Amino acid sequence: METDPESQATSLPKGFVPPQLVGEWDGDGAGIRFDKIRFSADGGVALIFNSGSVLEGIAVADETSLILYAQGGPIHYRRWSVEAFEVGSGYTFENFVPGGVSYVRQASG
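This note's numbering numbers the first residue of the sequence shown as 776 and each following residue consecutively.
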């Protein structure tokens, strides 16, 4: 008996990202894969390119690793971190580093 390929849906995990990742992160422009990454509270992820192309998918993170399930993926990062830094005059930014690549967003100011 043959199985219809259309009926074999790929089972994706339920998306999850910690609250500190939720929001949009801008790439630093040097050696990045995406120009922006946007995480939603339900674990959704949008990978945004300067050309206007957007790949949407699911993100699954734990304390140290991150997997992005999008077209052409999954993309595995063994390590990720978020660190805040102040630039003076009441401005604070956060630096998101998945696998050694830097993304940033303004946290206050």
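Ideal Cβ placement from N, Cα and C applies to all residues, glycine included.
These numbers were taken from a predicted model, which means no experiment stands behind them.
Check whether residue 809 and residue 822 have beta carbons under 8 Å apart: The answer is yes: Cβ separation under 8 Å.
The beta strand (DSSP E) enclosing residue 867, as first and last residue numbers: In the DSSP assignment, residue 867 falls within the unbroken beta strand (DSSP E) covering 866-873.
Test item: CB-CB of residue 799 and residue 811 under 8 Å: Yes, Cβ-Cβ distance for residue 799 and residue 811 is below 8 Å.
Distance between beta carbons of residue 839 and residue 854, contact taken as under 8 Å: Rounded, the Cβ-Cβ distance is 6 Å, consistent with contact.
Per-residue DSSP class, three states only, for residue 796: Helix at residue 796.
Residue 876 (DSSP reduced to helix, strand or coil): Of the three classes helix, strand and coil, the one that applies to residue 876 here is coil, per DSSP.
Where residue 811 falls: helix, strand or coil (DSSP): Residue 811: strand per DSSP, three-state reduction.
Nearest-angstrom beta carbon gap, residue 843 and residue 820 [assumed within contact, 8 Å]: Contact holds; Cβ gap of about 6 Å.
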